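Going letter by letter, the sequence shown gives residues 33 to 329 in the numbering used here. All C-beta atoms, glycine included, are put in the ideal place defined by N, C-alpha and C. Fair warning: this is a prediction, and the values are worked out from it, not measured in the lab. Worksheet: one structure, shown below.
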Amino acid sequence: VWHNSCGWQCAAVCSTWFVLDRLPQYTMVLLGQARDCLCGAFIGIRQQCAHGATKNYNGPVAGLPSSLPRSTELPARLAAELRVASGGGDRQCAIAGVAGPVLAVLLGGADGLGFDDLQRERLHVACRRELRQLERALGTQRVALGQTGTKAVGTPAGARADAFDVAVHWCSTPVLPTYSVGVHMVLGVEDGAMRCMATDLAWVFRLMCARTRIDSKKEAPMLSKACEVLCGNADAREGLQKAVAIGAELNRSTSLAPSPMGEEGGELPGEGRWWRSLSEGAADLDKPTKHHLTSNL
């Protein structure tokens with residue numbers, strides 16, 4: 033994966049060089065030295081902290097940021113904004129920053145498929161669960177994360193929401209540029225450059241999993257399937273529909289250890305009983321349904 037003036041260009045996952053994001057310094061990092069490709073997100077967080085926390089997000093779910101870039105700066109900027117908006121540690125925000133663009137495609141696709149409010153709520157539970165599984169899987173790997181670790185540095189006043197809750201909330205709105213890509217994919221609308229950017233960021237997520245030896249099909253099946261849709265030639269509508277169904281099927285009986293960063297030990301209220309309903313909700317999409325999109329569109 034390398035960078036030029038037009039953005040990202042994709043090559044094999046085992047490529048030697050990987051530009052973590054388009055920072056002002058156009059930093060290029062040798063993977064063998066960086067040890068993992070979360071570094072770009074960490075750098076974004078550090079830059080945000082260095083400039084001070086100028087935003088104050090309040091309430092159980094943080095408000096939307098004013099804007100996020102429509103470029104390959106997105107993972108680092110998203111991680112930095114999450115760091116300011118929540119009490120999550122650097123690693124948690126970095127994971128959400130890298131996974132967020134793909135997650136937004138999935139959630140946008142769900143709205144394009146006509147998910148109602150209940151189906152959408154259940155899908156959000158599944159998405160938060162996959163983010164926590166990625167966090168847990170990353171924590172079990174012997175991967176050097178630099179000096180940032182999982183400790184939050186200077187959590188700003190007013191930050192009260194869990195980072196993964198905030199990430200899912202943001203990714204389900206057009207504030208994430210790739211959200212509209214998911215909507216357009218299932219509606220059969222050509223998205224041009226934005227679709228290419230979403231594909232590039234799907235490769236970034238795949239590379240993160242490869243570098244940290246995370247089995248994305250096991251830990252984050254919905255995100256993994258969404259990456260297959262973005263990086264392959266499969267039918268987008270059918271592929272994103274399967275992404276939701278396969279996530280529910282593979283994780284319905286999975287028990288996830290509590291995350292130390294979440295509220296009440298990281299457990300999600302009612303999480304266990306959502307899995308059967310989510311799977312059934314995904315199956316219902318095969319039936320004729322009234323097309324519904326949220327007011328976000």
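Which residues in the same chain as residue i place their Cβ atom closer than 6 Å to its Cβ, once the five residues preceding and following it in sequence are excluded?
i, result
"Leu-155", "Ala-142"
"Tyr-211", "Ala-136, Gly-140"
Name the residue from the options whose alpha carbon lies nearest to the alpha carbon of residue i.
i, options, result
"Gly-171", "Leu-239, Asp-122, Glu-222", "Asp-122"
"Asn-265", "Gly-120, Met-217, Arg-152, Gly-119", "Met-217"
"His-201", "Ala-234, Asp-247, Gln-273, Arg-152", "Arg-152"
"Cys-263", "Phe-237, Thr-244, Asp-247", "Phe-237"
"Ala-126", "Ala-117, Ala-111, Leu-150, Ser-204", "Ala-111"
"Pro-206", "Asp-267, Pro-133, Arg-164, Phe-147", "Pro-133"
"Gln-273", "Phe-147, Pro-107, Gly-129", "Phe-147"
"Leu-163", "Val-276, Val-261, Glu-251", "Glu-251"
"Ala-117", "Leu-150, Ala-199, Asp-149", "Ala-199"
"Leu-219", "Arg-102, Asp-267, Leu-150", "Asp-267"
"Ala-128", "Val-261, Arg-102, Val-215, Cys-203", "Cys-203"
Which residues in the same chain as residue i place their Cβ atom closer than 8 Å to its Cβ, once the five residues preceding and following it in sequence are excluded?
i, result
"Ile-278", "Pro-253, Met-254, Lys-257"
"Arg-102", "Pro-209, Met-226, Met-229"
Can you list, in chain order, the residues of its chain with a C-beta nearer than 7 Å to that of residue i? Leave out the 5 residues immediately preceding and following it.
i, result
"Val-213", "Val-137, Gly-140, Asp-223, Met-226, Arg-227, Ala-230"
"Lys-249", "Ser-256"
"Val-276", "Ala-142, Leu-155, Met-254, Ala-314"
"Ala-18", "Only positions 33 to 329 of the chain appear in the structure, and residue 18 is not among them; the question remains open."
"Cys-259", "Val-134, Ala-234, Phe-237, Arg-238"
Exposed or buried, residue i, counting other C-beta atoms within 10 Å across all chains shown (16 or more means buried)?
i, result
"Val-221", "exposed"
"Ser-99", "exposed"
"Leu-145", "buried"
"Leu-233", "buried"
"Glu-270", "exposed"
"Arg-109", "buried"
"Asp-197", "buried"
"Ser-287", "Residue placement at Ser-287 is poorly supported in this model, since its pLDDT is 43, which falls under 50; the coordinates are not used for a value here."
"Leu-208", "buried"
"Arg-160", "buried"
"Leu-166", "buried"
Inset, instruction - Give, in chain order, every unbroken run of the alpha helix (DSSP H) that is at least 4 residues long and sits entirely within the stretch 104–142. - result: Within the stretch 104–142, the complete alpha helix (DSSP H) runs of at least 4 residues are 106–117.
Legend entry - Runs of alpha helix (DSSP H) wholly within the stretch 247–274 (minimum 4 residues, chain order): Counting only runs of 4 or more, we get 248–251, 253–263.
Legend entry - 4-residue-minimum alpha helix (DSSP H) runs that sit fully inside the stretch 189–244, ordered along the chain: Entirely contained in the stretch 189–244, the alpha helix (DSSP H) runs reaching 4 residues are, in chain order, 195–203, 209–219, 225–243.
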